[in-house]
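Residues in the sequence shown are numbered from 0 upward in steps of one, following numbering that gives the first Met the number 0.
Working notes, beginning with the structure itself.
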Amino acid sequence: MARAVSTFTCSACGHESPKWHGRCPGCAEWNTLVEEASTRRSPSGRARGSALRPVPLGEVETPPVKRLRTGIGELDRVLGGGLVPGSLVLIGGSPGIGKSTLTSMALGDLAAGGVPVLYVSGEESAGQVRLRAERLGPAALRVPIVAETDLDAVVATLEAERPAACVVDSVQVLYDPALSGSPGSVGQVREVAGRLMRVAKQRGIAVVLVGHVTKEGSLAGPRVLEHLVDCVLSFEGERERTYRTLRALKNRFGSTNEAGVFEMTEGGLVEVADASERFLAEATRGPGSAVLCAMEGSRPLLVEVQALVAPSELVPPRRVANGVDRNRLALVLAVLARHAGVALGSSDVFVSVAGGVRVDEPGADLAIALALASAARGLPLGGGRPVGAFGELGLTGELRHVSHADRRRAEAGKFGLEPVLEPGESLATLRSALRAALPAQAARAA
Ligand code: TYD
Ligand code: MG
Numbered sequence: 000m001a002r003a004v005s006t007f008t009c010s011a012c013g014h015e016s017p018k019w020h021g022r023c024p025g026c027a028e029w030n031t032l033v034e035e036a037s038t039r040r041s042p043s044g045r046a047r048g049s050a051l052r053p054v055p056l057g058e059v060e061t062p063p064v065k066r067l068r069t070g071i072g073e074l075d076r077v078l079g080g081g082l083v084p085g086s087l088v089l090i091g092g093s094p095g096i097g098k099s100t101l102t103s104m105a106l107g108d109l110a111a112g113g114v115p116v117l118y119v120s121g122e123e124s125a126g127q128v129r130l131r132a133e134r135l136g137p138a139a140l141r142v143p144i145v146a147e148t149d150l151d152a153v154v155a156t157l158e159a160e161r162p163a164a165c166v167v168d169s170v171q172v173l174y175d176p177a178l179s180g181s182p183g184s185v186g187q188v189r190e191v192a193g194r195l196m197r198v199a200k201q202r203g204i205a206v207v208l209v210g211h212v213t214k215e216g217s218l219a220g221p222r223v224l225e226h227l228v229d230c231v232l233s234f235e236g237e238r239e240r241t242y243r244t245l246r247a248l249k250n251r252f253g254s255t256n257e258a259g260v261f262e263m264t265e266g267g268l269v270e271v272a273d274a275s276e277r278f279l280a281e282a283t284r285g286p287g288s289a290v291l292c293a294m295e296g297s298r299p300l301l302v303e304v305q306a307l308v309a310p311s312e313l314v315p316p317r318r319v320a321n322g323v324d325r326n327r328l329a330l331v332l333a334v335l336a337r338h339a340g341v342a343l344g345s346s347d348v349f350v351s352v353a354g355g356v357r358v359d360e361p362g363a364d365l366a367i368a369l370a371l372a373s374a375a376r377g378l379p380l381g382g383g384r385p386v387g388a389f390g391e392l393g394l395t396g397e398l399r400h401v402s403h404a405d406r407r408r409a410e411a412g413k414f415g416l417e418p419v420l421e422p423g424e425s426l427a428t429l430r431s432a433l434r435a436a437l438p439a440q441a442a443r444a445a
């Protein structure tokens with residue numbers, strides 16, 4: 000196949016040019032030209048442009064989706080029941096979080112069940128991958144590996160080996176020699192994913208792409224990668240901490256409402272089935288501690304939100320958020336100041352979710368606000384009895400309902416957190432929630 004020449008296409012206006020420009024000659028936008036292999040063939044070999052016969056949706060056949068169960072329960076659940084043959088899954092996460100460990104374990108379990116698998120390592124040598132597999136046990140050592148970054152070689156290997164499942168670690172280091180862009184560039188990543196997708200679909204291979212995320216948390220490389228793949232999973236947590244969560248951000252074959260909790264141990268990742276119990280047992284119950292009844296996908300999860308408020312020397316003062324969104328923290332601080340009489344404008348504020356878990360939902364607002372107020376007053380919530388809370392804060396200081404209130408309440412009840420502070424008729428505003436959780440504060444304010 001002739002694919003020596005490349006063209007450059009503007010991702011904004013579609014202008015095509017034989018050479019790269021910093022500024023698009025078509026629309027004058029900067030840095031929009033992306034290199035593409037110019038030889039385009041009709042993918043099906045059909046004469047180009049021949050008419051198709053539309054089929055009513057009711058007559059479209061839907062073959063049952065067969066799935067490859069990896070044997071890692073939390074991973075299978077987040078995938079929607081296992082890997083789908085012919086699909087592309089992208090697992091993103093920051094370096095050191097455990098992407099290679101998770102994918103090696105999954106392939107090991109599949110191999111142990113007699114499923115042909117392949118591990119393509121572009122980042123580490125085969126020897127390095129072996130050292131990891133030794134920690135993970137005999138199943139992981141059965142996984143066949145190639146250490147390669149040349150896309151042509153990888154595609155040829157897939158064609159020759161025809162594994163049922165393949166991991167490419169990582170998509171950012173593979174490159175197509177016909178393109179001049181360096182590995183990890185927009186054009187390269189797009190080409191790598193596109194060609195792997197074609198082999199995956201043609202040969203029914205379930206391909207798992209490992210991807211890096213940038214400091215800001217988005218997947219490095221183009222957004223187009225997220226559009227191309229069938230499923231985007233995000234592996235989150237802090238490298239120094241033991242807990243990690245796996246979430247589906249996009250899933251063409253299942254729900255995006257699923258999340259799994261893992262713990263990194265000496266012998267690999269272990270699923271954490273009793274996460275609520277563990278986090279609750281570790282909760283301090285001191286000033287600045289609140290228990291959030293969160294939802295991890297469709298499962299309720301109790302996590303401790305901790306806050307520290309200290310006099311600041313800085314203008315503006317520090318706002319540090321671990322495990323919660325910075326913008327949510329800013330909103331909670333503003334509502335506390337304007338509607339609940341807790342002004343922290345001259346204090347450094349630190350908020351973190353214990354265990355390194357991330358909670359990215361509006362339902363976390365109330366627990367964050369309670370933890371902050373408790374820290375600011377130096378008083379424990381509920382007089383030292385653990386207090387569970389959930390609910391969203393509105394901009395006018397009102398408490399707003401969030402989804403799955405019954406499940407959150409039930410989980411709290413299971414571990415003896417009663418009553419739970421949640422939006423309702425008796426608890427309509429943040430001020431009333433503070434009064435209920437910090438009675439001493441009300442007395443002082445009066
Ligand atoms: P790794 O899977 O290489 O992370 P990623 O591919 O996301 O960059 O592993 C991350 C860390 O986990 C690494 O610092 C070593 C540690 N680790 C364990 O604690 N136990 C284990 O069994 C393994 C394999 C790794
Ligand atoms: Mg890795």
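All C-beta atoms in this analysis are idealised placements derived from N, C-alpha and C, irrespective of residue type, glycine included.
Since the structure is predicted, the reported quantities are computational estimates derived from the model, not experimental observations.
Asked                                                                                                                             : Found
Local conformation of residue 338 per DSSP, three classes                                                                         : helix
Alpha-carbon spacing of residue 108 relative to residue 73, whole angstroms                                                       : 14 Å
Heavy atom of the ligand MG within 6 Å of residue 99 beta-carbon                                                                  : yes
Residue 126: first and last residue of the uninterrupted alpha helix (DSSP H) it sits in                                          : 125-135
Alpha carbon of residue 27 to alpha carbon of residue 13, nearest angstrom                                                        : 12 Å
Chain-order list of residues whose beta-carbon lies under 6 Å from that of residue 441 (same chain, five-residue window excluded) : Any reading at residue 441 must be qualified, since the residue scores a pLDDT of 47, below 50, and its modelled position is unreliable; the value itself is stated next. Here the set comprises 434.
Check: residue 294 C-beta below 6 Å from any heavy atom of the ligand TYD                                                         : no
Own chain, CB closer than 6 Å to residue 173, minus 5 neighbours either side, in chain order                                      : 121, 148, 150, 191
Segments of 3+ residues assigned as beta strand (DSSP E) that fall wholly inside the segment 61-136                               : 87-92, 116-120
Close beta carbons around residue 65, own chain, < 7 Å, minus the five adjacent residues each side                                : 84
Residue environment, residue 329, which counts as buried when at least 16 other CB atoms sit within 10 Å                          : exposed
Close Cβ partners of residue 257 (< 7 Å) along its chain, the five nearest in sequence each way excluded                          : 76, 77, 247, 296, 297
Selection from 202, 178, 384, 93 that minimises the alpha carbon distance to residue 155                                          : 202
Distance cut-off 6 Å: residue 137 Cβ against heavy atoms of the ligand TYD                                                        : no
Residues of its chain near residue 445, where Cβ-Cβ distance is below 7 Å and the 5 sequence neighbours each way are ignored      : With a pLDDT of 37 at residue 445, under the threshold of 50, the modelled position of this residue cannot be trusted; read the value that follows with caution. Same-chain partners within the cutoff: there are none.
Buried/exposed call for residue 127, threshold 16 Cβ in 10 Å                                                                      : exposed
Local conformation of residue 442 per DSSP, three classes                                                                         : Any answer about residue 442 is weak, because its pLDDT of 44 lies below 50 and its placement is not dependable; what the coordinates show is given next. Three-state result, residue 442: helix.
Residue range of the unbroken alpha helix (DSSP H) whose run includes residue 413                                                 : 404-413
Local conformation of residue 526 per DSSP, three classes                                                                         : For the chain, the structure presents residues 0 to 445; residue 526 sits outside this window and is missing.
Limits of the unbroken alpha helix (DSSP H) element including residue 448                                                         : What is shown of the chain runs 0 to 445, which leaves residue 448 out entirely.
C-alpha distance - residue 345 paired with residue 141, whole-angstrom precision                                                  : 58 Å
Cβ-based neighbour list, residue 263, same chain, cut-off 7 Å, excluding 5 preceding and 5 following                              : 97, 241, 243
Same chain only: Cβ atoms within 8 Å of residue 281, ignoring 5 sequence neighbours per side                                      : 303, 353, 354
Proximity test, residue 131 beta-carbon vs the ligand TYD heavy atom, cut-off 6 Å                                                 : yes
Contact under 7 Å by Cβ, residue 331 with residue 186                                                                             : no
Beta-carbon proximity list for residue 418, same chain, < 7 Å, skipping 5 on both sides                                           : none
Rounded C-alpha distance that separates residue 196 from residue 158                                                              : 13 Å
Near the ligand TYD: residue 240 beta-carbon under 6 Å from a heavy atom                                                          : no
Option in 194, 137, 144 with minimal Cα separation from residue 224                                                               : 194
Proximity of residue 273 and residue 309 at Cβ, strictly below 7 Å                                                                : no
Between the CA atoms of residue 112 and residue 132 - distance to the nearest angstrom                                            : 17 Å
Beta-carbon gap between residue 306 and residue 374 smaller than 7 Å                                                              : yes
Delimiting residues of the beta strand (DSSP E) encompassing residue 159                                                          : Element bounds for residue 159: not the beta strand (DSSP E) but the alpha helix (DSSP H), 150-160.
Completely contained alpha helix (DSSP H) runs for the segment 263-307, where each covers 4 or more residues                      : 274-281
Beta strand (DSSP E) segments (min. 3 residues) lying fully within the segment 224-263                                            : 230-236, 242-250
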